[in-house]
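First up is the structure itself, then whatever we jot down about it.
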Amino acid sequence: MRNICCLIYLVAPAVVAAQVGDPIETRNFRFLSLPFFRIGPRGDVLSKGEQSWSYSLTIANDARDVTGSGGRVHEDAEVQQLLARYRRGIGRDMDFTIDAPLVFRNGGILDPIISWWHHNIIHFPNAPRDAAPFGLSEIDVPGHATYGSAAGIGDVSASLSRRLGRSTVVTAGLKLPTGSASHLIGSGALDLGAAVQHTLRINSRWHVLGQLGAILQGRATELKGSRTWVAQHAFSVMYARNNLDTYVIQWQVEASATVTGVESSDAQHRVVTFGLNRALSPHRQLQLFFTENGDFIRSLAKVGPDFTIGARITTRF
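Going by my numbering, the sequence shown opens with residue 339, and the numbers climb by one from there.
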């Protein structure tokens, strides 16, 4: 009996270490894309009756000034999003999710930090950022007057997910036009979308996830040239360092939400996220992450906010 207890004591940490954390539940936060619906990678489906609440703060800062045949796209602002997410398992390997965002757009706090990062760490200049004073909050796109600072409830969304087998999750959802389109907090239209993701479990420490999705965007009431269909996909690599911490590298790609006629603005959007999942308790998880648009990984990342940082805490019960 004593030998069995010793064996359990030795094996238990390895079993716990096999609990690889979730992908990072984030998206591309570019100002012209955020008002539209997207489906990000997610963790496993909740069991029947199981519930979770998560609260996240994401801050994205961008400085862009590009021209093309369609005119000029100028973005220099920061957005902070507070997101409340409720998820409940409803049985038959299904759960539903409701997202309610609160959005603030302003001059923000990240301008001097990003400039220091560009000049002293990665040595990658950003001409629009270097030429502008800190704290601007202005967005110019062809066909619309300048958007300035704004705050309010964003577009609320809901989705239904189902697990197929052990490793595949299918999600379908919609976004309601509850945010102010005139202030670029919502799109002013109903969006629909669906996505499928599959997780490959390489071993007890390494998992990889692939996702494919498509969004049917309603015609935006303020932004000109919103696309009807947007394809999106993602790829996540997750490594469980121990029984508490999982490191994540995640690549997300999607078409631009709108067609402005400015080629570099309408190009495929690609961002890379680096994140950490930490288990605070058996029922509580912390996610920390930051997202880059290509300062030093330009072969993978291209169009997105200059820098995005976020934190999420999730409690299951």
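The beta-carbon is built from N, C-alpha and C at its ideal position, and this holds for glycine as well.
Keep in mind it's a predicted model, so treat the numbers as computed, not measured.
- Under a 10 Å Cβ-count criterion, residue 458 is classified as exposed, with fewer than 16 other Cβ atoms of the shown protein chains found around its own Cβ.
- For the pair residue 552 and residue 572, the CB atoms are not nearer than the 8 angstroms cut-off.
- Take the alpha-carbon of residue 604 and the one of residue 368: they are about 12 angstroms apart.
- CA-to-CA, the gap between residue 652 and residue 560 works out to about 34 angstroms.
- Spanning the alpha carbons of residue 629 and residue 488 requires a straight line of approximately 23 angstroms.
- Taking a cut-off of 8 angstroms on C-beta distances, the stretch 489-503 touches the stretch 427-444, as three or more cross pairs fall below it.
- Segment contact: the stretch 377-388 against the stretch 413-422, fewer than three CB-CB distances shorter than 8 angstroms; contact not assigned.
- DSSP links residue 455 through a beta bridge to no other residue.
- Distance between residue 555 and residue 466, taken at the CA atoms: about 30 angstroms.
- Runs of the alpha helix (DSSP H) spanning 4 or more residues and lying entirely within the stretch 454-504 occur at 465-469, in chain order.
- Under the DSSP assignment, residue 564 falls outside any beta strand (DSSP E); it carries neither an H nor an E label.
- As a beta-bridge residue in DSSP terms, residue 444 pairs with 416.
- Counting along the chain, residue 592 sits inside the beta strand (DSSP E) bounded by residues 583-592.
- Residue nearest to residue 366 within the set 649, 570, 580 is 570 (criterion: CA-CA distance).
- In the three-state reduction of the DSSP assignment, residue 542 falls in the coil class, being assigned neither a helical nor a strand state.
- In the three-state reduction of the DSSP assignment, residue 605 falls in the coil class.
- Considering only 399, 530, 597, 425, the residue with the shortest C-alpha distance to residue 445 is 399.
- When secondary structure is reduced to three states using DSSP, residue 521 falls in the helix class.
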